[in-house]
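In our numbering, the protein residues as written are 24 to 366.
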């Protein structure tokens with residue numbers, strides 16, 4: 024076992040220990056490790072794997088001033104920490120650049136997750152100049168036919184590819200250390216192109232992370248959802264071939280693929296026996312073992328309305344518009360009452 028793997032294993036065991044202690048005793052030994060802000064539920068994509076765009080939420084979004092206050096409260100409580108800004112499509116909020124800049128000034132390590140559609144050269148220059156830690160762009164096909172079919176409309180592949188190239192050019196021009204990451208969802212739609220996407224990332228000098236398809240966001244939980252999904256991967260030989268290519272690229276030490284090597288074995292097992300591994304996929308942790316969900320320990324997800332959830336399938340445990348984040352976290356044990364829909 025190499026040092027990197029040992030460190031990950033130790034961290035996983037510590038996380039489980041803290042989680043079990045918190046659940047059993049109510050003691051809050053640690054602070055959240057994953058802070059996420061859903062800035063808006065509006066979206067300009069029409070993705071076939073997501074129902075957010077066709078759902079009316081009717082939420083009153085937090086204002087710019089409220090976000091400034093909340094970010095300050097988080098910084099005072101957590102010290103320096105990492106925060107993911109997402110949506111919907113976060114960049115549909117006109118004040119998002121202002122909010123991101125404020126977060127960076129506070130000393131928060133900021134990751135922006137976007138579909139890239141509206142990132143032109145001007146916006147790319149502005150985003151890179153802010154000093155963000157990372158920009159993650161959804162990228163699900165090396166060709167327009169594949170990507171646009173997944174994202175729901177023609178022209179999205181061209182716009183997203185142009186956005187990625189603009190970010191790369193600005194990073195170079197401004198001499199920034201910004202991490203640019205492509206996020207690819209493994210599905211039947213793009214299965215033959217998985218390794219091609221990694222090659223594209225290598226050509227541009229960006230990284231890529233793969234995540235297996237899961238049940239549509241916004242749907243009521245259904246353990247058998249995959250049986251009716253046209254996106255589900257049934258061609259296991261081709262999947263095995265593509266994953267083996269990715270493993271070889273990963274082991275080649277280029278640093279392009281962010282996934283750990285063992286995750287590719289997990290992906291294959293997931294598509295073989297989805298119901299046994301569905302919980303870990305829904306938790307977006309491809310290394311934890313069945314029966315352990317880290318949400319109760321680490322997640323602090325702020326909805327656009329200010330509601331806070333530990334998991335997207337849990338009820339709100341408070342609202343940062345009226346309650347400080349630290350107080351919400353310390354009272355979170357009430358979210359453990361009852362059974363989880365993923366167990």
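Ideal Cβ placement from N, Cα and C applies to all residues, glycine included. All of these numbers come straight from a predicted model, not from anything done at the bench.
Rounded C-alpha distance that separates residue i from residue j
i           : j           : result
residue 349 : residue 83  : 23 Å
residue 337 : residue 344 : 19 Å
residue 59  : residue 235 : 20 Å
residue 328 : residue 263 : 42 Å
residue 139 : residue 287 : 26 Å
residue 227 : residue 282 : 18 Å
residue 214 : residue 110 : 26 Å
residue 116 : residue 63  : 7 Å
residue 365 : residue 272 : Residue placement at residue 365 cannot be trusted, given a pLDDT of 43 that sits under 50; what the coordinates show is reported in the next sentence. Those two C-alpha atoms are separated by around 33 Å.
residue 54  : residue 230 : 29 Å
residue 153 : residue 255 : 39 Å
residue 192 : residue 212 : 30 Å
residue 353 : residue 157 : 29 Å
Burial state of residue i, where buried means 16 or more other Cβ atoms lie within 10 Å
i           : result
residue 103 : exposed
residue 284 : exposed
residue 303 : buried
residue 183 : buried
residue 240 : exposed
residue 119 : buried
residue 171 : buried
residue 194 : buried
residue 244 : exposed
residue 297 : buried
residue 89  : exposed
residue 196 : exposed
residue 250 : exposed
Continuous beta strand (DSSP E) stretch holding residue i: start and end
i           : result
residue 232 : 230 to 235
residue 106 : 105 to 109
residue 58  : 57 to 61
For residue i, three-class secondary structure by DSSP
i           : result
residue 157 : strand
residue 330 : strand
residue 141 : coil
residue 82  : coil
residue 118 : coil
residue 171 : helix
residue 135 : strand
residue 166 : coil
residue 205 : strand
Where the alpha helix (DSSP H) through residue i begins and ends
i           : result
residue 151 : 144 to 152
residue 273 : 259 to 274
residue 292 : 284 to 295
residue 350 : 348 to 353
Cβ distance (whole Å) where residue i is taken to contact residue j below 8 Å
i           : j           : result
residue 269 : residue 218 : 6 Å
residue 123 : residue 155 : 7 Å
residue 19  : residue 136 : What the structure shows of the chain is the stretch from 24 to 366, and residue 19 is not part of that stretch, so it cannot be assessed.
residue 186 : residue 160 : 7 Å
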